[in-house]
Amino acid sequence: MVEKSSIKNKWYVVVNPNAGNRKIKKDWDRIHKMLDTSGLDFDFAFSEYARHAIDITKKAIAAGYRDFIAVGGDGTFNEVVNGFFMQQEVDVQELKIGVVPVGTGNDWGRMFEIPADYQKAINVIIKGNTFVQDVGKISYFEGGEMKIRYFVNIAGMGFDALVAQKTNKQKAEGKSNALSYFYNLFAGLFEYKPAITDISVDGKKFSFNTFSMSVGICKFNGGGMMQLPNAIPDDGLLDMTLIKKIGLGALLAQLRNLYTGTFIKHPKVATFRAQNIRIQCRRKEFMMEADGESLGESPFDVNIISKALTTIINKKP
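To convert a position in the sequence shown, counted from 1, into the working numbering, add 70.
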C-alpha cells in the first residue's frame with residue numbers, strides 16, 4: 071500500500087475526456103506527455119459521468135493528494151472544487167487547484183488569463199502563482215430534496231439556466247459542437263418566458279418580472295459574456311445582475327454589449343452586491359446552473375465563503 075506521505079507532494083490530475091466536445095479523447099496523450107516532460111510528478115484519473123469528478127477528488131484527498139489539476143472545462147473545474155468542499159479529510163486551505171482548459175467556455179480561466187494553449191497553461195501551473203478567491207455556496211431543490219453545490223465563477227437562473235440545460239443535454243447525447251451554445255441561446259430567446267421572482271439581498275426584499283439573473287464571483291460566462299463586469303473575486307461579496315422582462319428587439323440590440331459589460335447601463339437591468347441572496351420564483355420550472363452545470367429548482371439560497379479556495383493563476387484581475 072502506498073503511504074500518504076509519499077504522494078502528498080504529487081499532483082493529482084482529474085481529466086474529463088468529454089470536455090471540449092470530446093476533444094480530450096484525442097488530445098490527452100499529448101497533454102500527458104507535456105505534463106510529464108515538464109517535470110511534474112503526477113497521477114491521474116478520468117471522469118466517466120456527470121459529477122464523477124467530485125467522487126474522484128474526494129477519494130484522492132483521502133489517499134493523501136493535496137495539489138490538483140483539472141483538465142477540462144468549467145464544469146470539470148467546478149466538480150473538483152466541489153470535491154474539495156464536500157470532503158472532511160482535511161481543511162480546504164490545505165488544497166490547491168490549477169487548470170489545463172479544454173472546454174468550450176473556459177470562463178473562469180478567462181478571468182485569470184489562463185492560456186488556451188496546453189503547454190502555456192502547464193507553464194502557469196509550474197510557475198505556481200496562487201490566488202485565494204471567494205467561493206459561492208448554493209442550496210436548491212431537486213426532486214423535492216434540498217441539495218448543496220459550490221461554485222467558483224457564476225451561477226445563472228432563468229434564461230441562462232435554460233440555455234445551459236439545452237447545451238448540457240446535447241453534450242450528454244454526443245450531439246454538441248462549438249456552435250451549440252450560440253444556437254441554444256438564439257433558440258431560447260423565442261422559447262423562454264419571464265417569471266416573477268421574489269429576491270432578498272442581504273435582507274432587502276424586491277420582486278421583478280425576471281428574464282435572466284446571474285450571481286457570482288468572477289466576471290465572465292457563456293464563452294466570454296461579461297455578465298458581472300464589476301465582480302472582484304476576493305472581496306467577500308456576491309455580484310448580481312438581473313435582466314427584467316425585455317422586448318426581443320431591445321435584447322438583441324444589447325447582445326454585443328454583453329461582451330463588454332456595458333449592458334448593465336440599460337434601464338431594464340438591475341445590479342446588486344451582497345453576502346447572502348435568496349431567490350424564490352413563483353413558477354416551479356425556474357432553474358439554475360452553476361459554472362455551466364445544470365442544477366435544480368428554486369428557492370435558491372446563495373451565500374459567499376470569503377477567500378476559501380487556493381487557485382493557480384496567470385494574472386490577478
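Glycine included, every Cβ here is placed at the ideal spot set by N, Cα and C.
In this structure, the beta-carbon distance from V205 to A378 falls below 7 angstroms.
Every alpha helix (DSSP H) stretch that sits fully inside the stretch 100 to 135 and reaches 4 residues is listed by chain position as 122 to 133. Secondary structure in the stretch 274 to 357: the alpha helix (DSSP H) runs of 4 residues or longer, each lying completely within the stretch, are 318 to 323, 325 to 328 in chain order. The C-alpha of R121 is placed about 22 angstroms away from the C-alpha of F356.
For M227, the enclosing beta strand (DSSP E) has its first and last residue at 224 to 228. In the DSSP annotation of this structure, the continuous segment of the alpha helix (DSSP H) that includes Q189 starts and ends at 188 to 197. For the set G286, T311, Q158, G319, the Cα lying nearest the Cα of M181 is the one of G286.
DSSP, reduced to helix, strand and coil, places N254 within a helical segment of the structure shown.
For the pair G366 and T280, the Cα-to-Cα distance works out to about 17 angstroms.
Burial of K236 is indicated by the presence of at least 16 other C-beta atoms within 10 angstroms of its C-beta. Remark: C-beta atoms of G173 and G143 approach each other more closely than 7 angstroms. In chain order, F229, L232 place their CB closer than 6 angstroms to the CB of Y262, counting only its own chain and leaving out the 5 sequence neighbours on each side.
Taking the Cβ atoms as the reference, D305 lies roughly 12 angstroms from L298, outside the contact range of under 8 angstroms. With respect to the 7 angstroms criterion, V169 and A130 are not classified as neighbours on the basis of their beta carbons.
In this structure V271 touches I347 by the C-beta definition: roughly 6 angstroms separates them, less than 8 angstroms.
A320 is the residue among S376, D268, A320 whose C-alpha sits nearest the C-alpha of H336. Counted as a single uninterrupted DSSP element, the beta strand (DSSP E) harbouring V170 occupies residues 166 to 171. Nearest in C-alpha terms to I374, of all of V150, I334, Q203, G134, is Q203. In the three-state reduction of the DSSP assignment, V83 falls in the strand class, which pools E and B. Selection F290, L312, E215, I266 evaluated against Q350 yields I266 as nearest (Cα-Cα). Note that the C-beta distance between A132 and E149 is not below 7 angstroms. For a cut-off of 8 angstroms, the C-beta gap from K96 to D137 is around 27 angstroms, too long to register as a contact. Of the candidates I224, P303, L318, I224 places its Cα closest to the Cα of G294. Its chain contains L110, F112, D137, I139 as the residues whose beta carbon lies nearer than 6 angstroms to that of W81, once the 5 sequence neighbours on both sides are disregarded; these appear in chain order.
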